[in-house]
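See below for the structure under consideration.
Protein chains: 2
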Amino acid sequence: MSLAVATAVDVAGLVDRARDGEPRAVARLISLVEQGSAQLPLVAAALAPHTGHARVIGITGAPGVGKSTSTNALVRAFREQDKRVAVIAVDPSSPFSGGALLGDRVRMGDHATDPGVFIRSMATRGHLGGLSWATPQALRVLDAAGFDVIIVETVGVGQSEVEIVALADTTLVLLAPGMGDGIQAAKAGILEIADVFVVNKADRDGADQTARDLKYMISLGRKDREGPSWRVPVVKTVAARMEGLDRVVEAITEHQSWMAEHGELTERRLRRAGAEIEAIAVERVRTRFGPVDQLAKRVVEGELDPFAAAELLISGNLRP
Amino acid sequence: MSLAVATAVDVAGLVDRARDGEPRAVARLISLVEQGSAQLPLVAAALAPHTGHARVIGITGAPGVGKSTSTNALVRAFREQDKRVAVIAVDPSSPFSGGALLGDRVRMGDHATDPGVFIRSMATRGHLGGLSWATPQALRVLDAAGFDVIIVETVGVGQSEVEIVALADTTLVLLAPGMGDGIQAAKAGILEIADVFVVNKADRDGADQTARDLKYMISLGRKDREGPSWRVPVVKTVAARMEGLDRVVEAITEHQSWMAEHGELTERRLRRAGAEIEAIAVERVRTRFGPVDQLAKRVVEGELDPFAAAELLISGNLRP
Numbered sequence: 001m002s003l004a005v006a007t008a009v010d011v012a013g014l015v016d017r018a019r020d021g022e023p024r025a026v027a028r029l030i031s032l033v034e035q036g037s038a039q040l041p042l043v044a045a046a047l048a049p050h051t052g053h054a055r056v057i058g059i060t061g062a063p064g065v066g067k068s069t070s071t072n073a074l075v076r077a078f079r080e081q082d083k084r085v086a087v088i089a090v091d092p093s094s095p096f097s098g099g100a101l102l103g104d105r106v107r108m109g110d111h112a113t114d115p116g117v118f119i120r121s122m123a124t125r126g127h128l129g130g131l132s133w134a135t136p137q138a139l140r141v142l143d144a145a146g147f148d149v150i151i152v153e154t155v156g157v158g159q160s161e162v163e164i165v166a167l168a169d170t171t172l173v174l175l176a177p178g179m180g181d182g183i184q185a186a187k188a189g190i191l192e193i194a195d196v197f198v199v200n201k202a203d204r205d206g207a208d209q210t211a212r213d214l215k216y217m218i219s220l221g222r223k224d225r226e227g228p229s230w231r232v233p234v235v236k237t238v239a240a241r242m243e244g245l246d247r248v249v250e251a252i253t254e255h256q257s258w259m260a261e262h263g264e265l266t267e268r269r270l271r272r273a274g275a276e277i278e279a280i281a282v283e284r285v286r287t288r289f290g291p292v293d294q295l296a297k298r299v300v301e302g303e304l305d306p307f308a309a310a311e312l313l314i315s316g317n318l319r320p
Numbered sequence: 001m002s003l004a005v006a007t008a009v010d011v012a013g014l015v016d017r018a019r020d021g022e023p024r025a026v027a028r029l030i031s032l033v034e035q036g037s038a039q040l041p042l043v044a045a046a047l048a049p050h051t052g053h054a055r056v057i058g059i060t061g062a063p064g065v066g067k068s069t070s071t072n073a074l075v076r077a078f079r080e081q082d083k084r085v086a087v088i089a090v091d092p093s094s095p096f097s098g099g100a101l102l103g104d105r106v107r108m109g110d111h112a113t114d115p116g117v118f119i120r121s122m123a124t125r126g127h128l129g130g131l132s133w134a135t136p137q138a139l140r141v142l143d144a145a146g147f148d149v150i151i152v153e154t155v156g157v158g159q160s161e162v163e164i165v166a167l168a169d170t171t172l173v174l175l176a177p178g179m180g181d182g183i184q185a186a187k188a189g190i191l192e193i194a195d196v197f198v199v200n201k202a203d204r205d206g207a208d209q210t211a212r213d214l215k216y217m218i219s220l221g222r223k224d225r226e227g228p229s230w231r232v233p234v235v236k237t238v239a240a241r242m243e244g245l246d247r248v249v250e251a252i253t254e255h256q257s258w259m260a261e262h263g264e265l266t267e268r269r270l271r272r273a274g275a276e277i278e279a280i281a282v283e284r285v286r287t288r289f290g291p292v293d294q295l296a297k298r299v300v301e302g303e304l305d306p307f308a309a310a311e312l313l314i315s316g317n318l319r320p
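Going down the list, the sequences are from chains C and U.
Residue numbering for the first sequence follows the UniProt record's numbering, beginning at 1 and increasing consecutively.
Residue numbering for the second sequence follows the UniProt record's numbering, beginning at 1 and increasing consecutively.
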């Protein structure tokens, strides 16, 4: 009992220090979250009253479109507005290190010495629900720590990656000229989630064509929707030279004003919280399941089908 | 009650017709599975005694490496051995059609008129657990329908896609020269899941370098492992000209002999069945949760943290 109390005090202390802007306390809290620490509920309870202020911006796109460069440029643009900015870069885990492959130092780049910037790589854990579990909690840490803007960057091809980016208030989808036509973009499942399209490397051949293709696909998509809908802008940038970044920040601001006006920001945050609660509940229930080995054996042998096995797993009886 | 009996008869009839090699019955069963039909448990029970015979081959790799061409070539190579072959191509869903973007007809290519080949696109549904739920059931349909080889093709970048391919007995990871260095491959999280590496488009500059890089990374990875381990081969192909496909089939056969010898095939199928049972159980439990709206509202307002909310969701009480 006294141990639990001591632990609770530590967590509260960490949260206080994180809220005072101490980067090591922020990093420690994210590690607790990422490791699925037993103290998670305590951490979450301590953070809750301080959340809801940060705006969350998702950045995604295929490899090679310049996501990291754009993230860096965007951090710089927000810093010029005196915003405190945090970045979470979600990397598929390396099988060898078990962690994020690009170290945080590699990513720090321009902002290594800027106390108003916090950058963190998170590894994907390779188990179902891993990302949808840990990333929202990391967002809560950064939100409670008082960052004005949180950028979540993911490789935007897979289903889980799309789900992470869907956590954002505003989602930027990056493309580059010559990275494949509109069908590639649609295949990646990214048309639906974009609030702002960014055609990066716009000094290359084909940038105008890519922008035109996107606008055409946006116009096709809009017909299917009911009610007022946000007109997704297409912005051209050369992130490496900071060109077009002002327009990106403007588009983000416009999108957030639009959402506030149409009640969409609240809607989105309710959906996000609902998904988060459900993901945690599912994970909790999963840990209460008994061992699955005997059931798996019977399914492999064709004696039992997986649905019947699942019912047995839930009821806790290994024999019918 | 009589309706339930009638339904049961229909499902049994469909399964019989699928086992007689009727493609429309196979397609209908997969549709039932994909739509998460209420008849799923009946379908699964009728299939179970007939499963466990097909070998499942996963094919994955980044966009542009030639997955579809390689799948087509592999189908042709297996057809030359008189195997019946089924292909499941998992595409991220289009926001506009809600279904797979590349129609089955586009994919049929060479095999449109071959009764020994069945090709099906499955859309990713965009909800957590969607893929891990539907794809194994589709595999069961095809297995019970008597296909010797089932090829599952996915875009291999995201976490969910990696999980689908992990359903396979043998997983091929495709790369192409000039698609980025070994770090890109490692970032995609695909080194760990490869049983066979295929360097496609091997007539291009850099193919030898890509193969050498892969072999080096494989040698690094092996040191961490205990016990006997499969020596992952690297095969060069030009799938568009059917070059190297014999060697791919040979590598698959060798891998499956190795697995049989080391008890790994059974191990893998037990893990697969266990994951399948758990995914179904989780989904079943999820459907029993009450509405999450009020809890989400309290979380958004900072009144409740998501862990406490999850406990309330599980206990079914919306007020503490």
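By construction, the Cβ of each residue, glycine as well, lies at the ideal position given by its N, Cα and C atoms.
- Under the DSSP definition of a beta bridge, Ile119 of chain U partners with U:Val87.
- When secondary structure is reduced to three states using DSSP, Glu243 of chain C falls in the strand class.
- Three or more Cβ pairs closer than 8 Å define a contact, and the stretch 62-69 of chain U meets that threshold against the stretch 229-245 of chain U.
- Contact note: Ile252 of chain U does not reach chain C at a C-beta cutoff of 8 Å; the least C-beta distance is about 21 Å.
- For Gln294 of chain C, the closest C-alpha among the options U:Pro291, U:Ala310, U:Arg269 and U:Leu312 is that of U:Arg269.
- Residues Ile30, Val33 and Ile88 of the same chain have their beta carbon placed closer than 6 Å to that of Ala138 of chain U, with the five preceding and five following residues left out of the count.
- In the same chain as Trp230 of chain C, and ignoring 5 residues on each side of it, the C-beta atoms closer than 7 Å to its own belong to Asp195, His255 and Trp258, in chain order.
- Going by DSSP, Leu174 of chain U is part of no alpha helix (DSSP H) but of the beta strand (DSSP E) stretching over Thr170 to Leu175.
- Note that the C-beta distance between Ala176 of chain U and Asn200 of chain U is below 7 Å.
- With a threshold of 7 Å between beta carbons, Ala281 of chain U makes contact with chain C.
- Between Thr51 of chain C and Arg140 of chain C, the C-beta spacing is below 7 Å.
- In this chain, the alpha helix (DSSP H) harbouring Thr69 of chain U covers Lys67 to Glu80.
- For a Cβ distance threshold of 8 Å, residue set Ala48, Pro49, His50, Thr51 and Gly52 of chain U lies close to Gly302 of chain C, ordered along the chain.
- Taking 7 Å as the cut-off, the beta carbon of Ala251 of chain C is found closer than this to the beta carbon of Val235 of chain C.
- Among the residues of chain C, none has a CB under 8 Å from the CB of Leu172 of chain U; the nearest is roughly 17 Å distant.
- Note that the C-beta distance between Val300 of chain C and Ala145 of chain U is not below 7 Å.
- Within the same chain, Cβ atoms closer than 7 Å to the Cβ of Leu14 of chain C are found at Ala25, Arg28 and Leu29, the five residues on either side in sequence being excluded.
- Contact between Val149 of chain U and Ile57 of chain U holds: CB atoms are separated by about 6 Å, below the 8 Å threshold.
- Note on geometry: alpha-carbon atoms of Val165 of chain U and Glu22 of chain C lie some 42 Å from one another.
- Residue pairing of Arg55 of chain U in beta bridges, as defined by DSSP: U:Val149.
- For Glu261 of chain U, no Cβ of chain C is located within less than 7 Å of the residue's own Cβ.
- The beta-carbon of Phe307 of chain U is placed less than 7 Å from the nearest beta-carbon of chain C.
- Under the DSSP definition of a beta bridge, Phe197 of chain C partners with C:Val173 and C:Val234.
- With fewer than 16 other Cβ atoms from the protein chains shown falling within 10 Å of its own Cβ, Ser315 of chain C counts as exposed.
- C:Val232 is the residue among C:Arg17, C:Gly290, C:Ala18 and C:Val232 whose C-alpha sits nearest the C-alpha of Tyr216 of chain C.
- The beta carbon of Arg269 of chain U sits closer than 7 Å to some beta carbon of chain C.
- Listed in chain order, the positions of the stretch 285-296 of chain C with a beta carbon within less than 8 Å of a beta carbon of chain U are Val285, Arg286, Phe289, Val292, Asp293, Leu295 and Ala296.
- Taking 7 Å as the cut-off, the beta carbon of Val11 of chain U is found no closer than this to the beta carbon of Gln35 of chain U.
- Close CB contacts of Pro228 of chain C within its chain, under the 8 Å cut and outside five residues either way in sequence, are with His262 (chain order).
- Boundaries of the alpha helix (DSSP H) harbouring Leu32 of chain C: Pro23 to Glu34, taken from the DSSP string.
- Under the Cβ distance rule, Glu278 of chain U counts among the residues neighbouring chain C, one pair being separated by less than 7 Å.
- In the DSSP assignment, Leu270 of chain U falls within the alpha helix (DSSP H) that extends over Glu264 to Arg288.
- Between Pro115 of chain U and Pro41 of chain U, the alpha-carbon positions lie close to 29 Å from each other.
- In this model, Ala296 of chain C and Thr210 of chain U are separated by some 39 Å (Cα to Cα).
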